[in-house]
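The next block holds one structure in the form of structure tokens; read it before the comments.
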Amino acid sequence: MEIAPMSKKHGFGRKLIATGTLAAFLAFAAAPLVRASEAECRARMERADHRVHEAAEHHGWDSREAEHARGQLREAREYCWSHEHKWWDVDGRRWHSDRDWDDHDHDHGRDHDHDR
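Numbers given in the working numbering equal positions in the sequence shown, counted from 1, plus 85.
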């Protein structure tokens, strides 16, 4: 008994199914990586914001320690923007998809928050 060769039509269909299956697998495999990267970005922002408030509380808003921490916050925002094209607003508890942060939002005038 002789087996007939596959037609080109059936070969194309199998390639299409294989390609679609591979694409679906890669999409699902990449999803946790995207979430992990987003989580890392959010954690960086949370740590940097916390360092600013800690430095200001212990050394004053105009101290070099607070200024250094503000620089780290700017770097965290830049990192998130360059890797995720969004940044986490710690105070607002939300993601921003625009590069609309204020580099001076943690500069001064927030001492009254600790008086209460």
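Just so you know, even glycine gets a beta-carbon here, dropped at the ideal spot from N, CA and C.
With DSSP as the reference, label residue i as helix, strand or coil.
i      : result
Arg179 : strand
Gly145 : coil
His153 : helix
Trp186 : coil
Asp134 : helix
His191 : coil
Tell me residue i's beta-bridge partners as DSSP assigns them.
i      : result
Trp210 : The requested residue 210 is not part of the displayed model; the chain covers only 86 to 201.
Roughly how many whole angstroms lie between the Cα atoms of residue i and residue j?
i      : j      : result
Trp173 : Ala154 : 17 Å
Asp183 : Asp176 : 16 Å
Glu142 : His168 : 31 Å
Cys165 : Lys171 : 6 Å
Phe97  : Glu123 : 38 Å
Thr106 : Glu125 : 30 Å
Trp186 : Ile102 : 45 Å
Asp196 : His181 : Reliability of the predicted coordinates at Asp196 is poor, the pLDDT of 45 falling under 50, and no value is obtained from them.
Asp147 : Thr104 : 59 Å
Glu163 : Gly156 : 11 Å
Glu131 : Arg179 : 12 Å
Could you tell me how far apart the beta carbons of residue i and residue j are, in whole angstroms, since I believe they sit closer than 8 Å?
i      : j      : result
Ala151 : Arg129 : So it is not a contact: roughly 18 Å between Cβ atoms.
Ala140 : Leu158 : 10 Å between Cβ atoms; not a contact.
Val137 : His189 : That belief does not hold up - the Cβ atoms of Val137 and His189 are roughly 12 Å apart, past 8 Å.
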